[in-house]
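One structure is given here, and the rest of the page talks about it.
Numbering (mature numbering (1 follows the signal peptide of the UniProt record, and there is no 0)), first residue to last: -20 to -1, 1 to 239.
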């Protein structure tokens, strides 16, 4: 609650609880600490650092505060605190104006909560801004894939396909895009369709690359979901030949050997 009141104070342009002390040079260090914590996967610590960076500002919203809020929204999303992430993008939309990026990022936070109507509305708002500018947001593919996954989980494959079609129409098919779409379809219980994207990604990816390994694991999971245990085992064994053994893959191989 303290942080939300803090942001409300920023929106109103009034002094913070700590008083009118001007810009504190420590704020940049808190920002850098937060970025470093994000890189280490400590998203909770990063959020605390970003909050401190804002608390050490002068009570007005400028480029520094906007930058910190963007990082904070990303950290909240990666932490899995989707309501907090959506709130941060609410604030950014209010203080920095409409942006396709902000709408797509808030759409992702809504999708993660199963709020498909809200996520769809934000995606449409973002698309409208893209049409006006002639530029596609760099987060469009991820946001529309997340929306498609949310629609699948909500039991609406037609809406999901519409979201995926938007991604497919956006440009070149890459291994990473195939991985995103395959993973979303698999999460939504569409193993056969997911397998097609994983196979397409494997045909495009460089053997031995990180993406190739992730696609192999995805293809194995889709095969197992479909009851093709021999196919799943074959791909996991291929994974270990290429990338070495891991306890998780070893356990799955032992399980599949008993099927």
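For every residue, glycine included, the Cβ atom is placed at its ideal position computed from N, Cα and C. These numbers were taken from a predicted model, which means no experiment stands behind them.
The DSSP-derived three-state label of residue 63 is helix. In the structure shown, the three-state DSSP call for residue 135 is coil. Per the coordinates, the alpha-carbon of residue 92 lies some 31 Å from the alpha-carbon of residue 188.
Assignment of residue 52 by DSSP, reduced to helix, strand and coil, places it in the helix class.
Contact annotation: residue 216 and residue 195 have beta-carbon atoms that are not nearer than 9 Å. Of the candidates 223, 149, 227, 209, 209 places its Cα closest to the Cα of residue 239. Less than 9 Å divides the Cβ of residue 170 from the Cβ of residue 132.
Residue 117 places its beta carbon less than 9 Å from that of residue 80. With respect to the C-alpha of residue 55, the residue from 102, 26, 185, 168 having the closest C-alpha is 26. Along the length of the stretch 166 to 229, whole beta strand (DSSP E) runs at least 3 residues long do not occur. CA-CA distance, residue 175 to residue 220, rounds to 20 Å. Between residue 197 and residue 155, the CB-CB gap reaches or exceeds 9 Å. The DSSP-derived three-state label of residue 29 is helix.
If you check the CB distance, residue 106 and residue 123 come in under 9 Å.
Where residue 91 is concerned, the enclosing alpha helix (DSSP H) starts and stops at 80 to 92. Ranked by Cα distance from residue 136, the first of 150, 49, 94, 114 is 94.
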